[in-house]
Amino acid sequence: MNDILESIQARRSVRTFTGAPVSRDQLTSALMAAMAAPSARNLKPWNFVVVTRRDTVSALCKLHPYAGFGANAGAVILPFGKKRDFKWFDQDMAAATENLLLALSSLGLGATWCGMDDERQAAVRALVGLPEDQYLFAFIPVGVPAERPAPRTQYEASRVHWETFGGA
Ligand SMILES: Cc1cc2nc3c(=O)[nH]c(=O)nc-3n(C[C@H](O)[C@H](O)[C@H](O)COP(=O)(O)O)c2cc1C
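Just so you know, we're using numbering that gives the first Met the number 0 here: the sequence shown kicks off at 0 and counts up by one.
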């Protein structure tokens with residue numbers, strides 16, 4: 000396996016953190032990878048709120064029903080943009096978000112992609128001062144890992160249809 004294939008399999012969701020801070024330099028490196036993602040017509044709908052203040056990180060993580068584990072994280076990254084009437088928004092944002100996770104992992108940081116739906120928008124938006132015309136795509140606690148989930152693929156040959164549906 001080459002380095003990129005290895006690092007893709009090494010990216011795992013990390014939900015336990017040491018509580019150590021995460022530097023702005025590291026976060027910027029990961030955001031550079033996020034913004035290297037492909038997007039439809041290269042319109043790049045992505046923006047990111049990056050929160051590193053400890054009290055705000057912990058307050059944010061209390062707001063999300065499945066991100067309570069992040070109270071001890073060093074940062075929360077919130078990818079967002081103008082979703083309304085832009086049909087490629089989710090695909091473009093997902094590409095950037097996966098790049099971001101891969102970069103964070105390659106830098107030795109832990110992170111978990113937590114979903115943002117319509118119901119979760121208002122409270123998180125209010126805490127970071129995001130205007131109502133912006134849509135929060137994901138909620139990503141980031142920190143120095145205190146656990147190391149094992150690298151793995153979840154490859155299943157039965158999910159691959161060679162040439163036509165049902166082809167083996
Ligand atoms: C759209 C999306 C939403 C997710 N939401 C949450 C979440 O709210 N809380 C959480 O702990 N993990 C969340 N996850 C992480 C998944 O549980 C995790 O990616 C999956 O179990 C596979 O594990 P891995 O990331 O270690 O490969 C989410 C992942 C995605 C892609």
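Every residue, glycine too, gets a C-beta built ideally from N, C-alpha and C.
Between Ala-9 and Pro-130, the CB-CB gap reaches or exceeds 8 Å. For Phe-164, the secondary structure class from DSSP, reduced to helix, strand or coil, is coil. When distances are taken from the beta-carbon of Gly-80 to the heavy atoms of ligand 1, even the shortest one reaches 7 Å or more.
In this structure, Arg-11 has its CB closer than 7 Å to one or more heavy atoms of ligand 1. Less than 8 Å divides the Cβ of Ala-36 from the Cβ of Ala-95. A distance criterion of 7 Å places the beta-carbon of Cys-113 in contact range of ligand 1, judged by its closest non-hydrogen atom. A contact is defined here as three or more CB-CB pairs under 8 Å, and the segment 63-75 meets this definition with respect to the segment 126-141. In this model, Asp-132 and Leu-126 are separated by some 15 Å (Cα to Cα).
Ligand 1 has no heavy atom closer than 7 Å to the beta-carbon of Ala-70. Under DSSP, Cys-113 forms a beta bridge with Phe-138.
Note that the C-beta distance between Val-13 and Leu-59 is not below 8 Å.
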